[in-house]
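Residue numbers (the UniProt record's numbering), protein chains in the order written: chain F, 1 to 179; chain S, 1 to 179.
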DNA sequence: TCGCTAAAGCAAGGGCGTTTGCTTTAGGGT
DNA sequence: ACCCTAAAGCAAACGCCCTTGCTTTAGCGA
């Protein structure tokens, strides 16, 4: 029997906050004791709940990234994708977003059980695309959206290239032009 | 005065090999002592030369990745890019290539001095593109090559999506079609 | 070939992350 | 309101990474 409410939730949120804040503060080597101190929590609690630092970082990254960049419903595929791409672009220009993406990638080592983050993202895209197809619009495949839009944005962050303003919209236009 | 030859070079190569082998063996938490043992080298030698584990991983990744996927000269831009993309695709399907890319990205945290890995890659691409332009071909910008070809390939590896056979060539065709 | 010195090896010590058994707190069902 | 127990706190001990002063080895120039 699990107890999701009350103190447990408070501790979980405090630890997640501490992770993001610590990484955002430029802490290169975040450790469990440092995170625990900032969260006002005992290190043992973190070890008991998450086991390893990697698990914690991954959990924090996935949890927080899921809350950002939802896909709106503007009535047209171009509008939906453009708004979404602008959201992603904005997140990728934000320091927290960059750090979370980096943490997500860094903890997705091949030997871990797969965390289907992109799959969840892809499912959302698929729904948007299906709706557009039902309206009779010409639609791309999900993989095309990832290749044309998401991959270039992620590449810029991971390799520390500048995220040019408006690049998200340009990438969407490029995708639609290729249809 | 530095002594690049002889023993130093042997140690450097042995350590680089040990890094790649250890990571390829599924070692999640590689440490300096473990690397040193596998390389048949004293841990102190590694600390003295590289300072930190991150520096070592970054150096190993950059050094080894630089040796792979050179851009050939086939006489046409399509031929050059296709051959290069095939090489990158092949490296991205190889376990060592995946690990090196992951190590490269993981150690490129924002607070380090930038390691212009992509810039070096971009310079090579620029030369190829300039040569094609001099022959009168229609050419893309370097950033377009990175966005259309490299980013999708890297995305697949970093998020553990399958690298479909022939995807490199398809991405190049898509790029050239967009011109 | 001989010496110089950069670089590798060696050993000991400190520091910190991690584990573990136990105690205390507080959420949720009765 | 009371009890039960999941979850957090506490403290001590372990282990291992990392540092540091010194010694030894072996490139490379004279």
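Yeah, the Cβ is synthetic: ideal placement off N, Cα and C, and Gly gets one too.
Residue from 85/F, 107/F and 130/F whose Cα sits closest to the Cα of residue 56/F
Of the candidates 85/F, 107/F and 130/F, the one whose C-alpha sits nearest the C-alpha of residue 56/F is 107/F.
Chain F within 8 Å of residue 139/S, Cβ atoms only
No, because no Cβ of chain F sits closer than 8 Å to the Cβ of residue 139/S.
Going by other Cβ atoms of all chains shown within 10 Å of its Cβ, with 16 needed for buried, is residue 156/S buried or exposed?
The Cβ neighbour count for residue 156/S, taken over all protein chains shown within 10 Å, is at least 16; the residue is labelled buried.
Whole-number beta carbon distance between residue 132/F and residue 77/F, since they are thought to touch under 8 Å:
Contact check for residue 77/F and residue 132/F: beta-carbon distance about 4 Å, within the 8 Å limit, so the pair qualifies.
Given a cut-off of 8 Å, decide if residue 151/S and residue 151/F are closer than it, judged by their beta-carbon atoms.
Yes. Within cutoff.
Under 7 Å Cβ-Cβ, which residues of chain F neighbour residue 105/S?
Per Cβ cutoff of 7 Å: 105 and 158.
Quick check on residue 146/S - is its C-beta less than 8 Å from some C-beta in chain F?
The C-beta of residue 146/S comes closer than 8 Å to at least one C-beta of chain F.
Is residue 31/S helix, strand or coil when you go by DSSP?
When DSSP states are grouped into helix, strand and coil, residue 31/S belongs to the coil group.
Over the uninterrupted alpha helix (DSSP H) stretch that includes residue 81/S, give me the two end residues.
Its alpha helix (DSSP H) spans residues 77-93.
Exposure label - residue 85/S; buried when at least 16 CB within 10 Å
Flag for residue 85/S reads buried.
Please classify residue 126/S as buried or exposed, where buried requires at least 16 other C-beta atoms within 10 Å of its C-beta.
Exposed, because fewer than 16 other Cβ atoms sit within 10 Å of the Cβ of residue 126/S.
Can you give me the start and stop residues for the alpha helix (DSSP H) that residue 113/F sits inside?
Going by DSSP, residue 113/F is part of no alpha helix (DSSP H) at all; its letter is neither H nor E.
Comparing the C-beta of residue 154/S with each C-beta of chain F, is any distance below 8 Å?
With 8 Å as the cut-off, residue 154/S counts as an interface residue toward chain F.
CB contact check: residue 98/F to chain S, cutoff 8 Å:
Residue-level contact check: residue 98/F touches chain S, since one or more beta carbons of chain S fall below 8 Å from its beta carbon.
Taking its Cβ as the centre, do 16 or more other Cβ atoms sit within 10 Å of residue 6/F, making it buried, or is it exposed?
Exposed, by the Cβ-count rule.
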